[in-house]
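Novice: Protein chains in written order, with our numbering: chain A, 1 to 1020; chain B, 10001 to 10473.
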Amino acid sequence: MQEKRKYWKGLEELENTPEFINNSLNEFAEFLPVKEKNGAADKETAPRRDFLKLMGFGLAAATLASCEAPVRKAIPYLHKPEEVDPGIANWYASTFFGDGDYNAVLVKTREGRPIKVEGNPLSGVTRGGLSPRGQASVLSLYDEARLKGPVSKSGQTHKDITWEEVDREITTKLAGVRGKVVLVSTTIISPTTKQVIREFGAKYPGFEHVQYDPISASALIQANGGVVPGYDFSKAKAIVGINADFIGPWLSQVEFAKQYITNRKVTRDNPNMSKHYQFETALSLTGANADIRVPIKPSEEGVFVAALYNRIAQATGGQVLNTPAFSQTKELDAAVKDLLANRGAALVVSGSNDLAVQTLVREINRALGSEGSTINPAAPIYTKQGNDAQMLRIIEEMNAGTVGAVIFYNANPVYNHPLAEKVKSGLAKVALKISFADRIDETAALADYITPDHHTLESWNDFEPRKGFVSLSQPTIAPLFKTRQVQDSLLVWSGNNTNYYDYLRTFWQSNFSSGDFNAFWDKAVHDGVLNNVSTPGQTSGAGAPPMTLAAASVAVNNTAKAAKGIELAVYQKSTIGSGEMANNPWLQELHDPISKATWDNYVAIPQSLAKEMDIKQNDVLRVKAANGTTIELPALIQPGQAKGTVSIAVGYGRTHAGKVANGVGANAYPLATVTNNGIQYINGVSIEKTGAEKPIAQTQTHHTFMDRLVVQEASLEEYKKDPTNVTEYIKIATPDGPQSPSKVSLWYDYEYKNHHWGMVIDLNSCIGCGSCVLGCVSENNTPIVGKQEVLNRRDMFWLRIDRYYSSDTHKETSEMGLIDTYQAMEEPSENPQVIFQPMLCQHCNHAPCETVCPVLATTHSTEGLNQMTYNRCVGTRYCANNCPYKVRRFNWFSYTDNEKFSVSNPQMQTDLGRMVLNPDVTVRARGVIEKCSFCVQRIQLGKLEAKKDGRRPKDGEIVTACAQSCPTNAIIFGDMKDPNSQVSQILRREDGERAFHVLEELNTQPNVTYLTKIRNSSIA
Amino acid sequence: MQHVSPVREPLVTGGKTYHDITEDVCRQVEAKPNIRWAIALAVALFFLGVFIYSVYRTLWYGIGEWGLNKTVDWAWDITNFVWWVGIGHAGTLISAVLLLFRQKWRSSINRAAEAMTIFAVICAAMFPVLHMGRPWLAYWVLPLPNTWGSLWVNFNSPLLWDVFAISTYFSVSLVFWYLGLIPDFATIRDRATGPIARRAYALLSFGWTGSAKHWSRYETVSLILAGISTPLVLSVHTIVSMDFATSVIPGWHTTIFPPYFVAGAIFSGFAMVLTLMIITRDVFRLKDYITLEHIESMNKIIIVTGSIVGVAYITEFFIAWYSGVEYEQYAFINRATGPYWWAYWSMMTCNVITPQLFWFRKIRRSVVATFIISIFVNIGMWFERFVIIVTSLHRDFLPSSWAMFSPTIIDVGVYVGTLGLFFTLFLLFAKYFPVVNMFEVKTILKSSSGVPHSHKPDSMHAHSPNNHNHHDK
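In structure tokens form, the structure reads like this:
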């Protein structure tokens, strides 16, 4: 053992005097040398200087020690899920079908959260397009109003219950049910789900599955042998639409828009356009895009269709009917002429739910030889299968007490059926009421059990929107709540122990697959879609026999005679649809494409009626229908609304949808007319002013373009004659003669060495649907501000769609004085032409905003982007004032935590809602300006991906959210430095022809180029 | 030496002596606050409270508390800013430009006018800061060295020029005003009886003794500051006008703006001086110092500047027509006949028509008429800025963005609140500071009092202040 050595710290320790021992017990063994040695008297006191030194040091040290920032711990995965890399998005193919709106989609997930939905380009139906409701569907996943688990009713309230209990109780009650079991649903396009329902129904004798649609196509189905005909607008050279909003929410919004636009795009080499006539009551999205639009009353619909039928029958040798003459013969003649000239490539569609009208339309299409060309008999459409008569019968049966149990799946008749009161009274007589609703909606509130369904993004399912085209949905997130898929519930209740996923696979294996099923399935799940496969097809319950021509003739005559007074048309908007998704703030704030109204429905009245009854915009009207129901809504003066008619949209007036939608607008479903075997979305009404006023929040309050060159259009004839003469280019006088404004500049031009991003927007292709607006909102975390702030004109959309009506007055031709002329130019025509113009940051090369910012918060990038540095912005708003396009948006409030926005902006204010935010885009703070960034995060991602592969980004690899979501490819984005990019090619082709910059004379030199709209509106 | 016509009316009336001047001016400083003053201050403090509340709402919740929108991003904020800056022009013009031009009538009004300038600029300076979305970062508009690399301010931006123009103007005006106060503070100090007053005024008077050296330096610095201030009178509003003139917005993008704004500023400044002086001379019994002669002189300036402004309005219309630019033409037709026609015609009535009444000598010399017209001009000039800012913005290029602006209660609160702030400051000034420049008035007493004080009673030669080194104290 080694001897322990000891080292002394000094002589003192060695000596170990008592004084040393004593001192060593103190913290500082010796007194600190802080005193000035100037005498023994002040030996024990620290001098002032030292005191201050120590104090200063102590204070500084204490301050530094205490101001450490709180530690926020990022917790890494304990077991990292395969395929989930933080910061990298995963994409899954899926399908959105809701509210009659079908979209094959790709779902973007980040860290396991779905954050954005985009169109699936592989789909043969929607071909990469996506509707506004499809865009918004991801937000509905994170809806606070969703049920967190099954509930059962006790007294007037619902209490939580476990799945085991609910299954036990329901199976017991179903086993002992007296009377028939009815499953009421909206249209189901899932073949496998239908199989599940059949299996469930087989257990219960007298089981009936009823499908109905809030806005029904029952008559269309009935007239065409039980299915919606397989319309194909891409083959149609002449189209006549009669109250059919086919590029709107009618049957298949995106699909039809894609088809429709193929014959509407023009180039110098192919200057041909389809001719589209629209005869309609309310100005619809489709009517706004028509070449010739004729306002007709609902009661004239039959007369018109009969007249059209007669004229075509005369030409083709068919049976002529004795019906009243149609008054607007000029347009009728033109339509007949074009239809006959395009036999085999003509299509007539009607949105009417009148069997007589649909029968005549069918006959017209037959006479025109549409079947096999513009109507594909092999691929009928399944997105609407509702049967009005069956639903009406079930309501009667419920009231009669013969229904023992009723199950609601995606069906909310207490809200969206015109006979809601009868449904309610009927339900009181049904012993067992079950709802699969995801929330306690109007119908579910009366149910005994609510067993909430998964959101689409949480579930497996299949969809067949059109015969032969099948797609899958797959879960992109684990269920957020204790919900269960409807199909699983039905399987459990029918005693089948398989889960729906296996069931689905089995069904697919036996129906769609051949060869190696696992490989087939993997590919199907990966692609999400199967195109042109053979499927068993679906049948609708509409079994009633079609009408004879003679009966149709009688019916038309009766309808025409019966009409008197003001006629009401009830319609659905392409934004809010039937109201199923009403609790979605994105859809509420997305402006109606035509009226630009948000957060409300209203009575659309024609100018003539407004003048006649002295109604001002926002005057609250009491609309009393012939069936006795009344509704009070503000008036909106709608150019294009047929004289003597008013229109009211459904989808509003929800009472049990959630705090976003509850109390917004009024419910228009009860205004529809219920006849013996169907529902007519029309009624005779009387109108009176209540004297009250309720402002309608519109994102655009000035509707004409005042003959300014902000939008440009020309006729097809002009374009065919000389494509270089359709666009007006401003020239500036210089000593060397007139010059393009960009040639006369005080500024040095930027030099772009690598990329120069640019966008082309074809005004001819833009149908104004608003899908791009929501695509942008979803991608860029735009706050939703609610009705009051829209009224204050503070909506935050980075991209808006300007909609202009034509005016009867023009500056050149007006004989009035200048002041009167300008005032008259503010008035839209009675039946105006409409033009849409998506307006976003133009990314000017000589940007007025960049020069005026005092702190350089907005600058120009080396790739041509006008970029906004939020961190640097102090919020003077000078840039917004100086922006001639008014595309800059200011954060007036702190939208992320201000109470005022808790209803409209839950996606930034709640933990659940925040899951939808795109982590690649900053949520902007109060007091800063924001605006379109050309989706700089996508550009950056695309460049990085290319860099990893050591190549340049390919054209089409980098697209902005708006360009990506456009169902008609009206927006093209790309690198203008790449001569082979689509953008460059279009710009080369259209230079001097249709390409123009908005406000070119300001020499802002935008990177966004518009293409002149070409109209095919002349009537020979 | 400059010849002064003997028929010219005296600038000081009532047979005042040097001592009278001291007594008259010091009376309110030394006397107990009177009840009228106290009530006025209470009212002003109430509105100051309104200001504080409105500013609290603005700062706590955001600019959304105001009525602005995505089309009209400036409205009352910048209207008030330009209005207050304009008002702040008279003081410097009177003290600097008129000093250089040896206009002796300025002596009795320059002190109050300068004070008004300072307070108006304080009010004005509130707005560029308050209107920011993130006012706590307002210092970013200063070219400060920082750790963000090459990040600097944007010298292209007229807002940055504003920062320099306003801050320079404010500091020079403040120094100029304070410098002039020093000899008078010394007078009050020497007369003071109470210990607090004596110490306070001793501090304020910077140890002024009235020695020849002091006077000499005083005069030199005054002249230098007057020289610096004179271009500022022109530059400040020129630069403010460039906020608009350098933009692309029709109705803003106008080369006439600099002279037009400067004329307008002087116009409104004088109107505000008149409003205040007419009250002050009555309340503080200073009619012998601020005479009808003063009022008439100022009214003449109002006619001149008001007419310049009127011509500018008409020129704008002519140029809009002559330019042939669609947007420009519409902007002006919209001003006069659009939804804000009432604002435009209020402006025209108040600014162009009412001041023309001053061509009549009777009206020019009527205190009541002058007071009313001065209020009209104040209102009209506020509307001028409102018209320029709001009616140009609300209907600019793309009709889809056209919108209306309507103020919220907070907008109104901030505006009347700055009036409260202004009058609080002015009332405190009027009570505790000498409102009339005693020593300068004394310099003109002999030449222009109407009473033969001088050694050569028939001679009405002007005397510059440097000839008078000795004053009664």
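All residues carry an ideal CB built from backbone N, CA and C; glycine is no exception. None of the values given here were measured: they were computed from a predicted structure.
Compute the Euclidean distance between the alpha carbons of Phe10439(B) and Trp10037(B), then round it to the nearest angstrom.
Specialist: Counting from 1 along the second sequence, the entry for residue 10439(B) is found at position 439. Counting from 1 along the second sequence, the entry for residue 10037(B) is found at position 37. Those two C-alpha atoms are separated by around 25 Å.
Novice: In this structure, what does DSSP give as the bridge partners for Gln739(A)?
Specialist: Working through the first sequence from its first residue, we reach residue 739(A) at position 739. The partner list for Gln739(A) (beta bridge, DSSP) reads Ile732(A).
Novice: Considering only the beta carbon of each residue, do His755(A) and Lys977(A) sit closer than 8 Å?
Specialist: If you number the first sequence from 1, residue 755(A) lands on position 755. If you number the first sequence from 1, residue 977(A) lands on position 977. Yes, they are a contact pair.
Novice: For Ile1023(A), does the three-state DSSP call read helix, strand or coil?
Specialist: What is shown of chain A runs 1 to 1020, which leaves residue 1023(A) out entirely.
Novice: Is the beta carbon of Gly10091(B) sitting closer than 8 Å to the one on Ala10113(B)?
Specialist: Residue 10091(B) sits at position 91 when you count from the first residue of the second sequence. Residue 10113(B) sits at position 113 when you count from the first residue of the second sequence. Their beta carbons are under 8 Å apart, which means Gly10091(B) touches Ala10113(B) by this criterion.
Novice: Under 8 Å, with one C-beta from each stretch per pair, do the segment 622-631 of chain A and the segment 674-687 of chain A reach the 3-pair mark?
Specialist: Because the criterion of three Cβ pairs below 8 Å is met, the segment 622-631 of chain A and the segment 674-687 of chain A touch.
Novice: Is it true that the segment 10403-10420 of chain B meets the segment 10349-10369 of chain B, where meeting means three or more beta-carbon pairs spaced less than 8 Å apart?
Specialist: Counting Cβ pairs under 8 Å, fewer than three are found: no touch.
Novice: Go ahead and pull the three-state DSSP assignment for Arg803(A).
Specialist: Against the first sequence, residue 803(A) aligns to sequence position 803. Looking at Arg803(A) - three-state DSSP - the assignment turns out to be strand.
Novice: According to DSSP, is Asn310(A) helix, strand or coil?
Specialist: Locating residue 310(A) in the first sequence gives position 310, where the first residue counts as 1. Helix.
Novice: Determine the direct distance from the alpha carbon of Tyr602(A) to that of Glu164(A), and round the result to whole angstroms.
Specialist: Taking the first residue of the first sequence as 1, we reach residue 164(A) at position 164. Taking the first residue of the first sequence as 1, we reach residue 602(A) at position 602. Their backbone Cα atoms lie some 46 Å apart in a straight line.
Novice: Comparing the C-beta of Leu1002(A) with each C-beta of chain B, is any distance below 8 Å?
Specialist: In the first sequence, counting from the first residue as 1, residue 1002(A) sits at position 1002. At least one chain B Cβ lies under 8 Å of Leu1002(A).
Novice: Could you check what DSSP says for Val777(A) in three-state terms: helix, strand or coil?
Specialist: Residue 777(A) sits at position 777 when you count from the first residue of the first sequence. Of the three classes helix, strand and coil, the one that applies to Val777(A) here is helix, per DSSP.
Novice: By a C-beta neighbour count over all protein chains shown, 10 Å radius and 16 as the cutoff for buried, is Met10001(B) buried or exposed?
Specialist: Counted from its first residue, the second sequence places residue 10001(B) at position 1. Note that Met10001(B) has pLDDT 48, beneath the 50 cutoff, so the model's placement of it is unreliable and the number below is only indicative. It is exposed - the Cβ of Met10001(B) has fewer than 16 other Cβ atoms within 10 Å.
Novice: Can you find the residues in the same chain that come closer than 8 Å, C-beta to C-beta, to Val1049(A), ignoring five residues on each side of it along the sequence?
Specialist: This structure cannot settle anything about residue 1049(A), because the visible part of chain A is limited to 1 through 1020.
Novice: Roughly how many whole angstroms lie between the Cα atoms of Leu10203(B) and Arg10027(B)?
Specialist: For this step, residue 10203(B) is matched to residue 203 along the second sequence. For this step, residue 10027(B) is matched to residue 27 along the second sequence. If I take the Cα positions, the gap works out to 20 Å.
Novice: Please state the DSSP three-state secondary structure of Arg889(A).
Specialist: Indexing the first sequence from 1 puts residue 889(A) at position 889. The answer is strand: DSSP assigns Arg889(A) an E or B state.
Novice: Look up Gln1005(A) in the DSSP assignment and say whether it is helix, strand or coil.
Specialist: Here residue 1005(A) refers to the residue found at position 1005 when the first sequence is read from its first residue. Coil.
Novice: Chain A partners of His10131(B), CB-CB under 9 Å?
Specialist: One-based indexing of the second sequence puts residue 10131(B) at position 131. Chain A residues near His10131(B): Gly875, Thr876, Arg877.
Novice: Go ahead and label Phe57(A) buried or exposed: buried means 16 or more other beta carbons lie within 10 angstroms of its beta carbon, across all protein chains shown.
Specialist: Position 57 of the first sequence holds residue 57(A). Exposed is the call here.
Novice: Starting from Gln700(A), find everything on chain B with Cβ-Cβ shorter than 7 Å and list it in chain order.
Specialist: Taking the first sequence and counting its residues from 1, the one referred to as residue 700(A) is at position 700. The answer, in chain order, is Ser10400.
Novice: Please determine if the segment 820-834 of chain A and the segment 737-752 of chain A are in contact, where contact requires at least 3 C-beta pairs separated by less than 8 Å.
Specialist: Too few Cβ pairs lie closer than 8 Å, so no.
Novice: Among Leu10428(B), Val10416(B), Val10436(B), which residue has its Cα nearest to the Cα of Ser10054(B)?
Specialist: In the second sequence, counting from the first residue as 1, residue 10054(B) sits at position 54. Nearest option by C-alpha distance: Val10416(B).
Novice: Below 8 Å between beta carbons: does that hold for Tyr503(A) and Thr267(A)?
Specialist: Counted from its first residue, the first sequence places residue 503(A) at position 503. Counted from its first residue, the first sequence places residue 267(A) at position 267. Not in contact: Tyr503(A) and Thr267(A) (Cβ atoms no closer than 8 Å).
Novice: Which one or two residues does DSSP pair with Glu280(A) in a beta bridge?
Specialist: Your numbering for residue 280(A) matches position 280 in the first sequence. For Glu280(A), which the question treats as bridged, DSSP gives the partners Pro295(A).
Novice: Residue range of the alpha helix (DSSP H) that Met908(A) falls in?
Specialist: Numbered from its first residue, the first sequence carries residue 908(A) at position 908. Segment 906-909, the alpha helix (DSSP H) holding Met908(A).
Novice: Does DSSP classify Lys153(A) as helix, strand or coil?
Specialist: Reading the first sequence from its first residue, position 153 is the one you call residue 153(A). Strand at Lys153(A).
Novice: Taking DSSP as the reference, what is the three-state secondary structure of Ala10462(B)?
Specialist: Taking the second sequence and counting its residues from 1, the one referred to as residue 10462(B) is at position 462. No answer about Ala10462(B) holds up, because its pLDDT of 42 lies below 50 and its placement is not dependable.
Novice: What separation, rounded to the nearest whole angstrom, lies between the Cα atoms of Asn10080(B) and Ile10087(B)?
Specialist: Along the second sequence, read from residue 1 onward, the residue named residue 10080(B) stands at position 80. Along the second sequence, read from residue 1 onward, the residue named residue 10087(B) stands at position 87. Each residue's alpha carbon lies about 10 Å from the other.
Novice: Nearest to Tyr142(A) by alpha carbon, out of His810(A), Thr456(A), Pro465(A)?
Specialist: Counted from its first residue, the first sequence places residue 142(A) at position 142. The candidate whose alpha carbon is nearest that of Tyr142(A) is Thr456(A).
Novice: Helix or strand or just coil, what does DSSP make of His10209(B)?
Specialist: In the second sequence, residue 10209(B) corresponds to position 209, counting from 1. The residue asked about is misnamed: residue 10209(B) is Thr in this sequence, not His. Looking at Thr10209(B) - three-state DSSP - the assignment turns out to be coil, as it is neither helix nor strand.
Novice: Under 8 Å by Cβ, that's how I've got His846(A) and Gln1005(A) pegged, so tell me the actual separation to the nearest angstrom.
Specialist: Translated into positions along the first sequence, residue 846(A) becomes position 846. Translated into positions along the first sequence, residue 1005(A) becomes position 1005. Going by Cβ atoms, the distance from His846(A) to Gln1005(A) rounds to 5 Å, so yes, they are a contact pair.
Novice: Could you spell out the range, first to last residue, of the alpha helix (DSSP H) harbouring Met868(A)?
Specialist: Locating residue 868(A) in the first sequence gives position 868, counting from the first residue. First-last for Met868(A): 866-868, but that is the beta strand (DSSP E), not the alpha helix (DSSP H).
Novice: Check whether the Cβ of Thr862(A) lies closer than 8 Å to any Cβ atom in chain B.
Specialist: As a working mapping, residue 862(A) is identified with position 862 in the first sequence. Answer no: the Cβ-Cβ gap between Thr862(A) and chain B never drops below 8 Å.
Novice: Assess contact between the segment 259-273 of chain A and the segment 552-570 of chain A, defined as three or more Cβ pairs (one per stretch) separated by less than 8 Å. Is contact present?
Specialist: Not touching, per the Cβ criterion.
Novice: Name, going along the chain, the residues of the segment 10319-10345 of chain B whose beta-carbon falls closer than 7 Å to a beta-carbon of chain A.
Specialist: Those would be Glu10326, Tyr10330, Ile10333, Thr10337, in chain order.
Novice: Quick one: list the residues of chain A neighbouring Arg10057(B), beta-carbon separation under 9 Å, in chain order.
Specialist: The residue labelled residue 10057(B) in the question sits at position 57 within the second sequence. None at all; the shortest Cβ gap to chain A is about 12 Å.
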